[in-house]
Amino acid sequence: KQEVTQIPAALSVPEGENLVLNCSFTDSAIYNLQWFRQDPGKGLTSLLLIQSSQREQTSGRLNASLDKSSGRSTLYIAASQPGDSATYLCAPFPYNNNDMRFGAGTRLTVKP
Amino acid sequence: DVKVTQSSRYLVKRTGEKVFLECVQDMDHENMFWYRQDPGLGLRLIYFSYDVKMKEKGDIPEGYSVSREKKERFSLILESASTNQTSMYLCASSQDRGINQPQHFGDGTRLSIL
């Protein structure tokens, strides 16, 4: 079964810093990998989706990379802002729909 | 923008009650999903559906059932609620069996079973 690990579990940085969140997964039989943001008590907001054939995907200050063969993805946030404070989750989408897995998330705090 | 609406943000029920959680999406998506989210366990897939009247079990279907009579609506049913079903429930939808289409989530229903 797919295992998804996100490191670090929590991260606190000063405003303006660039940062990297890591996601690793054990089963590379995936169609894509999606990064989400979750604010406290809310649902998930889709940030980026990287197809298995892609290496990178960018949206504004966010850049996600995917190395399917090594089972790794990173989310890079440039020039972090206090509004970026949230929990970030990754989810590889498997060939087998029944095996959807999410990482436990990285809780990010950006201090003004 | 895709809108996924869950009928209740907060719900309190008693053990043994039959509980219905409703989810509606407005983008004609084929796929719909129900997850629960618990501290330390993350999100886990309960059931999903890729078409009307179709359903498939996810990781933790025990104690739950689902209904999809119309494309836009996916209901999660707790047949006889128990305290270990106290959780945050999240509904999601996506297009075209989810292949390279993002999942869109509702705001969640925080369910407490007393």
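Heads up: the protein sequence lines correspond to chains A and B, in order. What the first sequence shows, in the numbering used here, is residues 202 to 313, in sequence order. What the second sequence shows, in the numbering used here, is residues 3 to 116, in sequence order. Note that the Cβ used here is the ideal one computed from N, Cα and C, for glycine as well. Since the model is a prediction, treat every value here as computed from it, not as a measurement.
Own chain residues within Cβ distance below 6 Å of residue i, not counting five before or after
| i | result |
| --- | --- |
| A:Ser-213 | Thr-310 |
| A:Thr-288 | Gln-239, Gly-306 and Arg-308 |
| A:Gly-275 | At residue 275 of chain A the sequence reads Thr, which differs from the Gly that was named. The residues are Val-221, Asn-223 and Ser-266. |
| A:Ser-260 | Leu-249 |
| B:Lys-122 | Chain B is shown from 3 up to 116; residue 122 of chain B falls before or after that span and cannot be answered. |
| B:Ser-9 | Glu-24 |
| B:Gln-105 | Ala-94 and Ser-96 |
| B:Asp-28 | Lys-5 |
Residue i at chain B interface by Cβ criterion, 8 Å
| i | result |
| --- | --- |
| A:Gly-304 | yes |
| A:Gly-244 | yes |
| A:Arg-273 | no |
| A:Asn-233 | yes |
Identified DSSP bridge partners for residue i
| i | result |
| --- | --- |
| B:Gly-44 | B:Asp-40 |
| A:Gln-258 | A:Ala-265 |
| A:Leu-248 | Looking at the DSSP assignment, A:Leu-248 forms no beta bridge with any residue, so it has no partner. |
| A:Thr-206 | A:Ser-225 |
| A:Leu-276 | A:Leu-222 and A:Ala-265 |
| B:Val-6 | B:Gln-27 |
Beta-carbon contacts of residue i that lie in its chain and below 7 Å, excluding the five residues immediately before and after
| i | result |
| --- | --- |
| A:Ile-208 | Asn-223 |
| B:Leu-47 | Phe-35, Tyr-37, Gly-60 and Asp-61 |
| B:Pro-63 | Ile-48 and Tyr-49 |
| B:Thr-85 | Thr-17 and Ile-115 |
| B:Gln-39 | Leu-45, Ser-89, Met-90 and Leu-92 |
| B:Ser-67 | Ile-79 and Glu-81 |
| B:Asp-30 | Lys-73 |
| B:Gly-100 | In this prediction, B:Gly-100 has a pLDDT of 49, which is less than 50 and means its spatial position is unreliable; nothing more can be read from the coordinates. |
is_contact[residue i, chain A] using C-beta, thresh 8 Å
| i | result |
| --- | --- |
| B:Asp-109 | yes |
| B:His-106 | yes |
| B:Gly-100 | Interpretation of B:Gly-100 is limited by its pLDDT of 49, a score under 50 that renders its predicted location unreliable; the figure taken from the coordinates is listed afterwards. So yes, B:Gly-100 belongs to the interface. |
| B:Gly-65 | no |
| B:Leu-80 | no |
| B:Leu-92 | yes |
| B:Gly-60 | yes |
| B:Leu-113 | no |
| B:Thr-88 | no |
| B:Leu-47 | yes |
Under 8 Å between C-beta atoms of residue i and residue j
| i | j | result |
| --- | --- | --- |
| A:Gln-203 | A:Phe-226 | yes |
| A:Arg-262 | A:Ile-251 | no |
| B:Phe-107 | B:Leu-92 | yes |
| B:Glu-32 | B:Tyr-52 | yes |
| A:Trp-166 | A:Leu-248 | The requested residue 166 of chain A does not occur in the structure, where chain A is confined to residues 202 to 313. |
| A:Ala-280 | A:Leu-234 | no |
| B:Asn-102 | A:Tyr-296 | no |
| B:Gly-110 | A:Lys-243 | yes |
| A:Pro-241 | A:Pro-283 | no |
Any non-hydrogen atom of the ligand GTP closer than 7 Å to residue i Cβ
| i | result |
| --- | --- |
| B:Lys-20 | Within the structure as shown, the ligand GTP is missing, as the structure has no ligands at all. |
Same chain, Cβ closer than 8 Å to residue i, five either side skipped, listed in chain order
| i | result |
| --- | --- |
| B:Met-56 | Arg-70 |
In chain order, what residues of the stretch 246-265 of chain A put their CB closer than 8 Å to some CB of chain B? Thr-246, Ser-247, Leu-250 and Gln-252
Compile a chain-ordered list of the residues in the stretch 7-24 of chain B whose CB is closer than 7 Å to at least one CB of chain A. none
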